[in-house]
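For reference, the structure is listed below as structure tokens.
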Amino acid sequence: MYVRFWHEAPMAVRAPFNDLQLMKVLKEYPHEKVAHAAQAAISRHLWYLSEHLIGLSLFDDRINTETKKNMVQNFQCPKKQDFSRRIVLSDETPISNVASFVTERTLDIFDVLTLDGKEREQLFLSKDPKTWKDDEVFITMRDRAINMKVVNDSTERAIALIERYNESITQNEDQKQYLLQVVAAHRKKLPTGSKAAMMKGYK
76 MYVRFWHEAP MAVRAPFNDL QLMKVLKEYP HEKVAHAAQA AISRHLWYLS EHLIGLSLFD
136 DRINTETKKN MVQNFQCPKK QDFSRRIVLS DETPISNVAS FVTERTLDIF DVLTLDGKER
196 EQLFLSKDPK TWKDDEVFIT MRDRAINMKV VNDSTERAIA LIERYNESIT QNEDQKQYLL
256 QVVAAHRKKL PTGSKAAMMK GYK
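Just so you know, we're using the numbering used here here: the sequence shown kicks off at 76 and counts up by one.
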């Protein structure tokens, strides 16, 4: 159940829809206690979703045309006054529909993806979503969005790799403490990685 969502976690344009779909799957999971615990854990990671980032779904090829039309229409919805860095889901939230999370604040995503100063009115949003795939501006912005990294996911995976690496060096605590002292001494001797610092440190 979780493998597909985990595998696609680093893909920014798929993140909003995947998170909402995972919550839907967990709501329908037959073991209520397990589902509730999983929902609570996943909800903590929704801090990385927001009215801004839900706009990345415009570049998700799994989102149908009708939903994208609704997303564009919802750009007229007033932004939330109690602005949170994440989307807060409740039992009443229609979690299968990304359009319901879109507000005028979602337009801010284009400030990140637009590098050439184009006005929002000149973007592909005024066109039928069926034609977006052939629109030059859409293609450029989609490529930028696809290449965006999901920061929290990359960070968490990097930390996990470092922890595994540390554990693989030695299982002996004395050896580990000795290595830490060597690293500390090295950092003191070479506080920076510049050529000048290295030449000075090894004189």
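Yeah, the Cβ is synthetic: ideal placement off N, Cα and C, and Gly gets one too. Remember, it's a predicted structure, so these values are computed and weren't measured experimentally.
- In terms of Cβ geometry, Leu236 and Ile184 do not form a close pair [threshold 8 Å].
- Nearest in C-alpha terms to Phe176, of all of Lys202, Asn145, Val187 and Ser118, is Asn145.
- In the three-state scheme derived from DSSP, where H, G and I count as helix and E and B as strand, Met86 is classed as strand.
- Per DSSP, the unbroken alpha helix (DSSP H) holding Phe213 starts and ends at Glu211 to Ile221.
- In the three-state reduction of the DSSP assignment, Lys155 falls in the coil class, being assigned neither a helical nor a strand state.
- Rounded to the nearest whole angstrom, the CA to CA distance from Arg137 to Arg180 is 23 Å.
- Boundaries of the alpha helix (DSSP H) around Lys251: Glu248 to Lys264.
- In terms of Cβ geometry, Ile117 and Leu97 form a close pair [threshold 8 Å].
- The bridge partners DSSP lists for Lys224 are Met86.
- Distance check between His261 and each of Lys208, Met273 and Asp218 places Met273 closest, using alpha-carbon atoms only.
- Taking C-alpha positions only, Thr245 is separated from Ala174 by approximately 51 Å.
- In this structure, the beta-carbon distance from Pro85 to Val225 falls below 8 Å.
- Per DSSP, Val173 is not a residue of any alpha helix (DSSP H), being assigned neither H nor E.
- In this structure, Phe134 sits away from Leu182, with a CB-CB distance that is not shorter than 8 Å.
- Non-local C-beta neighbours of Lys205 in its own chain, meaning closer than 8 Å and more than five positions away in sequence, comprise Thr140, ordered along the chain.
- Counting along the chain, no alpha helix (DSSP H) covers Leu131, and no H or E run does either.
- Relative to Ser132, the option among Met223, Val78 and Ala115 whose CA is nearest is Met223.
- Beyond the five residues adjoining it in sequence on each side, Ala220 comes within less than 7 Å, by CB distance, of Ala87, Val88, Leu131, Phe134 and Leu188 in the same chain, given in chain order.
- Within the same chain, and ignoring the five residues on either side of Lys251 in sequence, the residues whose Cβ sits closer than 6 Å to its Cβ are Thr245.
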